[in-house]
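One structure below.
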Amino acid sequence: MASGRSHDQATRRLALPYGLLWAPWLGLVGVAVAALAFLIGGLWLSPDLDTRSRATQRWGPLGWLWWPYRRVLSHRSLLSHSPVIGTAGRLIYLALAQLLVALMAQGVSALASGSAPLRRDDLAAAAQTAAPWLANLWQQQRPLILAALLGLEASSWLHLLQDGDPMPRWPRPLSALARSLRPGPRRRRPQPGRRRFLPGRQRSQPGRQGGRSGRQN
């Protein structure tokens, strides 16, 4: 398993070469977007966010956002150190965390100003407004968005290859469930007609028994 410094060095060295792969199709803008996404995926959205690492330190005061992520997932878990699943999980987690923080901030602001807090109708209206905007953004900037998403995933693959992860670990709740369902070792029953010897007790040798009987005679 590579160290955090090795991961950072490899990410910085390969970010620009990865971005240049998109130059024939997306030009300089595509190169910049792809290289930046590669850097973000390797330095800020690293698979090592499931433990205390350089990636968590880079978030600075916002590092607490990833505390629940570390508590739920064990290091090199299936949900953090797997292709596609790990990157998608971190993006979804980050989006939900930002939404939760925004709702909490709005609630505190409403209490401080004496205004009415957000209702379900307000959230539904905001979702209806955001959905067309996201769809329009996808239609207009689809190549750049794909380059960015693939850049995040490529940096994750680089991390996994450096670690040499053959099989990631299962999440902690699933590991505990699997251990509880796993049958215990079966005890071998002694077969009838065979004498059972306890550990540490040696079998008596016929020669020695004969010698003792001869002495007694």
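Residues in the sequence shown are numbered consecutively from 824, following this note's numbering.
No residue lacks a Cβ here, since even glycine has one placed at the ideal position from N, Cα and C.
{"Check": "Buried or exposed by the 16-neighbour rule on C-beta atoms within 10 Å, applied to residue 952", "Outcome": "exposed"}
{"Check": "Beta-carbon proximity list for residue 856, same chain, < 6 angstroms, skipping 5 on both sides", "Outcome": "967, 970, 971"}
{"Check": "C-alpha gap between residue 938 and residue 927, whole angstroms", "Outcome": "14 angstroms"}
{"Check": "Residue from 882, 907, 846, 895 whose Cα sits closest to the Cα of residue 873", "Outcome": "895"}
{"Check": "Extent of the continuous alpha helix (DSSP H) run through residue 909", "Outcome": "908–936"}
{"Check": "Below-9 angstroms beta-carbon distance, residue 912 vs any chain B residue", "Outcome": "Here there is only one protein chain, and chain B is not present."}
{"Check": "Within 9 angstroms, strictly: CB atoms of residue 888 and residue 838", "Outcome": "no"}
{"Check": "Neighbour-count burial assignment, residue 882, 16 or more Cβ in a 10 Å radius", "Outcome": "exposed"}
{"Check": "Exposure label - residue 973; buried when at least 16 CB within 10 Å", "Outcome": "buried"}
{"Check": "Which listed residue (954, 943, 975, 948) has its alpha carbon closest to that of residue 913", "Outcome": "975"}
{"Check": "Status (buried if at least 16 other CB within 10 Å, exposed otherwise) for residue 871", "Outcome": "buried"}
{"Check": "Identified DSSP bridge partners for residue 826", "Outcome": "According to DSSP, residue 826 bridges with nothing at all."}
{"Check": "Where residue 903 sits in the DSSP three-state scheme", "Outcome": "coil"}
{"Check": "Residue 879 - containing alpha helix (DSSP H), residue span", "Outcome": "877–881"}
{"Check": "Residue 829 to residue 877 span [Cα, whole Å]", "Outcome": "11 angstroms"}
{"Check": "Supposed close pair residue 979, residue 886 - CB separation, criterion 8 angstroms", "Outcome": "Not confirmed; about 20 angstroms, so no contact."}
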